[in-house]
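In our numbering, the protein residues as written are 1 to 154. Cβ atoms here follow ideal geometry from the backbone N, Cα and C, with glycine treated the same way. Just so you know, these numbers come straight off a predicted model, no measurement behind them. What follows is a single structure, written as structure tokens, with notes after it.
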């Protein structure tokens with residue numbers, strides 16, 4: 001399998017780990033799902049055409065929710081593809097660097113659009129907010145890097 005496809009598969013595994021960590025946090029702290037992905041979609045659509053997702057607000061809201069989730073999946077798989085291309089250059093002992101790079105890239109891929117659109121400003125986040133954002137991205141990085149670890153051919 002090519003490096004990019006391995007990366008996409010690794011990114012999908014990492015995305016599953018990120019979602020699992022997020023849902024476990026929601027379960028443990030009894031917190032609701034965040035609305036930042038949906039709000040990011042709302043602001044993107046408003047810049048283009050406010051009726052792009054339909055005139056019915058309930059339907060448009062459901063589409064924003066779906067697109068927010070799909071943007072997260074796309075971020076995870078595309079980050080994995082990038083890591084798949086870069087991983088061989090990190091050498092035999094590059095697991096830690098790959099995990100950190102994956103976590104940082106995935107975090108940037110989700111936080112930077114939110115910040116650029118004025119949805120959220122990470123400079124104002126509390127320590128608890130940083131932890132609840134960083135830990136799932138760390139899980140993403142570890143699983144994505146593990147899936148890309150060189151191993152024996154089977």
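{"Check": "With distance defined between alpha-carbon atoms, name the residue in 119, 71, 99 and 127 nearest to residue 147.", "Outcome": "99"}
{"Check": "How should residue 126 be labelled, buried or exposed, when 16 other C-beta atoms within 10 angstroms of its C-beta is the threshold for buried?", "Outcome": "exposed"}
{"Check": "Would you tell me roughly how many angstroms separate the C-alpha atoms of residue 152 and residue 96, rounded to the nearest one?", "Outcome": "Only weak support is given to the placement of residue 152: the predicted model assigns it a pLDDT of 49, under 50, and the value that follows is read from those uncertain coordinates. Their Cα atoms are separated by approximately 20 Å."}
{"Check": "Take the Cβ of residue 37 as the centre, count every other Cβ of all protein chains shown within 10 Å, and call the residue buried at 16 or more, exposed below.", "Outcome": "buried"}
{"Check": "So, are the CB atoms of residue 21 and residue 135 less than 8 Å apart?", "Outcome": "yes"}
{"Check": "Quick test of your reading: residue 53 and residue 43, contact by CB under 8 Å. State the CB separation rounded to the nearest angstrom.", "Outcome": "Not a contact, Cβ separation roughly 12 Å."}
{"Check": "Given that a residue counts as buried once 16 or more other Cβ atoms are within 10 Å of its Cβ, and exposed if not, what is residue 141?", "Outcome": "buried"}
{"Check": "Mapping the DSSP letters down to three states, classify residue 25 as helix, strand or coil.", "Outcome": "helix"}
{"Check": "With a CB to CB cut of under 6 Å and the five nearest residues on each side skipped, what residues in its chain are close to residue 111?", "Outcome": "122"}
{"Check": "Which runs of the alpha helix (DSSP H) at least 4 residues long sit entirely within the stretch 85-127? Give them in chain order.", "Outcome": "95-116"}
{"Check": "Indicate the three-state DSSP secondary structure (helix, strand or coil) for residue 51 in the structure shown.", "Outcome": "coil"}
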